[in-house]
Amino acid sequence: MTLIDPVWTSLLYLAAAVCFILALKGLNSPRTARRGNLVGAFGAALAVATVFMSVKMDNVPWIVGAMVVGSGVAAPVARQVKMTQMPQLVALFNGVGGGAAALVALLELAHTGDRWVRVAIVFTLLVGAVSFAGSAITFSKLQELMTTRPVVFAGLPTLMGAVLLAAVGAAVAVVFSGSLALALLLLVLGLAAGVLLVLPVGGADVPIVISLLNAFTGLAVAASGLVLGNVLLVVAGTLVGASGTILTRAMAAAMGRSVAGILFGAFKGGSTAGSTAVSDRPVRSSSPEDVAVLLGYAQRVIIVPGYGLAVAQGQHTAAELALALEARGIDVDFAIHPVAGRMPGHMNVLLAEANVPYESLKEMGEINSEFRTADVALVVGANDVVNPAAKTTAGSPIYGMPILEVADARQVVFLKRSMRPGFAGIENELMYEPQTTLLFGDAKESLIKVLSAVKALKLS
Amino acid sequence: MDGIALLTITVLAVFVGFEVVSKVSSTLHTPLMSGANAIHGIILVGAIIVAGQASDPWVLAVALLAVVLATANLVGGFVVTDRMLEMFRGRQRVAPPGGKAGPVEAESKERTR
Chain A
83 MTLIDPVWTS LLYLAAAVCF ILALKGLNSP RTARRGNLVG AFGAALAVAT
133 VFMSVKMDNV PWIVGAMVVG SGVAAPVARQ VKMTQMPQLV ALFNGVGGGA
183 AALVALLELA HTGDRWVRVA IVFTLLVGAV SFAGSAITFS KLQELMTTRP
233 VVFAGLPTLM GAVLLAAVGA AVAVVFSGSL ALALLLLVLG LAAGVLLVLP
283 VGGADVPIVI SLLNAFTGLA VAASGLVLGN VLLVVAGTLV GASGTILTRA
333 MAAAMGRSVA GILFGAFKGG STAGSTAVSD RPVRSSSPED VAVLLGYAQR
383 VIIVPGYGLA VAQGQHTAAE LALALEARGI DVDFAIHPVA GRMPGHMNVL
433 LAEANVPYES LKEMGEINSE FRTADVALVV GANDVVNPAA KTTAGSPIYG
483 MPILEVADAR QVVFLKRSMR PGFAGIENEL MYEPQTTLLF GDAKESLIKV
533 LSAVKALKLS
Chain B
83 MDGIALLTIT VLAVFVGFEV VSKVSSTLHT PLMSGANAIH GIILVGAIIV
133 AGQASDPWVL AVALLAVVLA TANLVGGFVV TDRMLEMFRG RQRVAPPGGK
183 AGPVEAESKE RTR
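Protein chains in written order, with our numbering: chain A, 83 to 542; chain B, 83 to 195.
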C-alpha cells in the first residue's frame, strides 16, 4: 500500500524539479539568491516526503535513522566551517554525493536484466566513483593533508591509460553479464581513475577540478535516474551536470587556460610549477604612511583583492580600510577577478562575510572601464590577474587571460610579500612602471599599518 | 516511463541548465557551485528507494551508507549555501559625513546578525 498514486507522485516530483530550477535561477542576483536556495531546499524536502509516500517501503526506521546521522554530521560542519575553507567543504559534499550515486547503481544491478539499464548503471558506477575519489584527493590538497603541488611520476599517463582501458573493458563486461564481482572491480577502477585524475593537478587549479567533479556527480545522478526510472533524479542531475560544465569552462577561460590543459598539463611538464626568478631592476617601494596619503587624498580608489589576501586572512582589514576611506568621502569599490580567492567567486563570499555590501563588489567586465577614472588602484595579494603581459606579450603563459586593467589608474599600489612572480611564474612589468608604488610585507599586516595611517590623517 | 520520454526530458533539462546558469553573475559563482552541489544530493531519493527494497542485510547496510552520504550532501549543501547567501547584503549603512549617500536598499527586512 502506498499513500499516493503514480500521478500525484509525478506531479510532486515535477514540483520539486521546478523548485531546483528556481533555486539556480535565483542566483542571477544577490537579492533573490537566498530565497532561491530556500525554495531549492523546500523542493528537496518535498521530494523526500514524496518518495516515502509513493513507494512500498521496508526498513523505514533504519532509513530515517541513517538520514538523522547524515544530517547530524553535515549540518554542524556546514554551520561552522570557515568561509576560507569553503572549497574543501564543497569538494567533500560533492564526493559523498558521487559515492552515494555509485552505491545506488551497484545495488540496482541485481534488480535489472535490461542491458540499456545496465549501461546507465556502469556509467553511474564509474563516474560516481571517479567523483568520490577525485573529490577526496581534492579535499586533501585543499586541506593541505597532502602536497598542493602537482604529483607526477614516471609512467603516470601509461597507468592512467591502463586503468581507463580496464574500466571500459569491465564496464562492457558488466553490461553483458550483469556480474556483481565485475561491477565491484569497475568501482575500484573508477576510484583509481579518480585519484590519478586529480593527483597531477596543481593547487591553484584544484578549484576548477572541483567544479568539473561537481558536473560529474550531476551526470552520475542523472544516470541513476535513468536506472531507477525516476524523472526527478534525471532532471536534477542533468541541471547540475549542465551548470557544472558551463562553470568549469567559464573558470578555465577566466584563467586563460583550457580544461584539458589543466587536467593534463602536468603530464607534459607544463608551467604549473611556476618559476622563482627575480629580476633586480629598481622598483619604487614605499612606507605605509605614504600609501595612506595616496589613498586618503584620492577621490576614487579601486581595491583589487587576490589570492594572497585570502591566504593572509586580510579580508576584514580590507573591508575596514574601505570603510575608513569612505568615511573621508572617497569612492571605494572592490574589483573582483572571476578567479580571485581559492575558488571562483570565493573573494566575493569572503568580502561579503566582512560586511562589504555587494554593490561594492564589481565584476571584471563592469569595473574595467572605470580604472581610468580611479586615482589609486590598490592591488592586495594579486599578481597574474593584473599583469598586462596577458594582453601584450604573445608568448607569455597567461597571454589571452582576461585581466583587471589596473594600469589605467593614475597610481597603482601593490601590497606584496616579495618580488616573487605569481602563480604563472612570470614577471609583472607593471611593477616597474613610474606610476607604481610597492609596499612589501604580509597582506594583512600591511593593510593594518595602512589602515591606522589613514585613520591618523587629518580630514582634507 | 519509456526510454524516449526520459531521453526527451534529459535533453530539455540540459538546455534549461545551460540557460539558467549562463545568466548567473560571477559574484555568485561560489554559492552556485555549492547550491548545485546541494541539488545533486537529491540522489537521496534513489538511496531511499534502494534501501526500502532491501531484504538482504548486506544490501541494506550498503544502501543505508548511501542514505547517510546523500543526506550529508543534501542537507550540508543547502545549509552552507544559505549561510553564504545570508552574508550577501545590500548597502544599508549610514551615509558617511560629507560623502555620497550610498543607495539604501529597499530590503529593510533583511536580518541583522
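Note that beta-carbon positions come from the ideal geometry of N, C-alpha and C, so glycine has one too.
Predicted model only: the values in this text are computed from it and were never measured.
Assigned exposure category for residue i - 16 Cβ within 10 Å defines buried
i	result
A192 (chain A)	exposed
G351 (chain A)	Residue placement at G351 (chain A) is flagged as unreliable, the pLDDT there being 45, under the threshold of 50; the coordinate-derived value follows with that caveat. Flag for G351 (chain A) reads exposed.
F235 (chain A)	exposed
M228 (chain A)	exposed
A263 (chain A)	exposed
S108 (chain B)	buried
I86 (chain B)	exposed
G49 (chain A)	Residue 49 (chain A) lies beyond the stretch modelled for chain A, which goes from 83 to 542, so this question has no answer here.
D415 (chain A)	buried
P503 (chain A)	buried
R366 (chain A)	exposed
L93 (chain A)	exposed
E226 (chain A)	exposed
I86 (chain A)	exposed
L486 (chain A)	buried
Three-state secondary structure assigned by DSSP to residue i
i	result
A417 (chain A)	strand
T519 (chain A)	strand
V458 (chain A)	strand
Q395 (chain A)	coil
P387 (chain A)	strand
S367 (chain A)	strand
F170 (chain B)	coil
R117 (chain A)	helix
E452 (chain A)	helix
V288 (chain A)	helix
F235 (chain A)	coil
L281 (chain A)	coil
K537 (chain A)	helix
L85 (chain A)	coil
R331 (chain A)	helix
V495 (chain A)	strand
E445 (chain A)	strand
A188 (chain B)	Below a pLDDT of 50, predicted positions are generally treated as unreliable, and A188 (chain B), at 39, falls in that range; the measurement from the model is reported next regardless. Of the three classes helix, strand and coil, the one that applies to A188 (chain B) here is coil, per DSSP.
R382 (chain A)	strand
M228 (chain A)	coil
M337 (chain A)	coil
D140 (chain A)	coil
T358 (chain A)	Low confidence applies here, because T358 (chain A) scores a pLDDT of 46, under 50, leaving its location unreliable and the question unanswered by this model.
Cβ-Cβ separation, residue j to residue i (assumed contact under 8 angstroms), whole Å
i	j	result
V103 (chain B)	L114 (chain B)	7 angstroms
M483 (chain A)	M337 (chain A)	6 angstroms
F453 (chain A)	I384 (chain A)	6 angstroms
G272 (chain A)	L208 (chain A)	5 angstroms
Rounded separation between residue i and residue j - CA only
i	j	result
R363 (chain A)	I480 (chain A)	22 angstroms
S261 (chain A)	L188 (chain A)	10 angstroms
V199 (chain A)	K105 (chain B)	34 angstroms
M165 (chain A)	H428 (chain A)	9 angstroms
E168 (chain B)	V98 (chain B)	26 angstroms
V186 (chain B)	H398 (chain A)	With a pLDDT of only 40 at V186 (chain B), under 50, the local geometry of the prediction cannot be trusted, and the value read off the model is given with reservation. C-alpha separation (whole angstroms): 22 angstroms.
F102 (chain A)	L241 (chain A)	39 angstroms
E515 (chain A)	A491 (chain A)	12 angstroms
A148 (chain A)	T153 (chain B)	8 angstroms
A156 (chain A)	K540 (chain A)	50 angstroms
G117 (chain B)	V161 (chain B)	9 angstroms
A148 (chain B)	G177 (chain A)	12 angstroms
W140 (chain B)	G323 (chain A)	31 angstroms
V157 (chain B)	S153 (chain A)	6 angstroms
K444 (chain A)	A218 (chain A)	33 angstroms
G125 (chain A)	G319 (chain A)	14 angstroms
Top-ranked residue by Cα proximity to residue i, from the options
i	options	result
L246 (chain A)	A:V178, A:S213, A:L268 and A:G323	A:L268
M513 (chain A)	A:E371, A:T399, A:M168 and A:V461	A:V461
A265 (chain A)	A:L185, A:L486 and A:T320	A:L185
A253 (chain A)	A:A472, A:I203, A:A394 and A:K526	A:I203
V532 (chain A)	A:N469, A:E371 and A:G396	A:E371
T475 (chain A)	A:N510, A:A129, A:T91 and A:G423	A:N510
A183 (chain A)	B:L110, B:A143, B:I125 and B:A136	B:I125
E435 (chain A)	A:E402, A:A409 and A:A249	A:E402
A374 (chain A)	A:V256, A:P239 and A:V536	A:V536
I130 (chain B)	A:G307, A:L104, A:F346 and A:L432	A:G307
L520 (chain A)	A:L310, A:S534 and A:N465	A:N465
G122 (chain A)	A:A406, A:G243, A:V100 and A:L377	A:V100
L329 (chain A)	A:V313, A:F346 and A:F298	A:F298
P426 (chain A)	A:F124, A:M446 and A:L407	A:M446
Residue i beta carbon near the ligand FMN (any heavy atom closer than 7 angstroms)
i	result
A145 (chain B)	Although the ligand FMN was asked about, the structure shown includes no ligands whatsoever.
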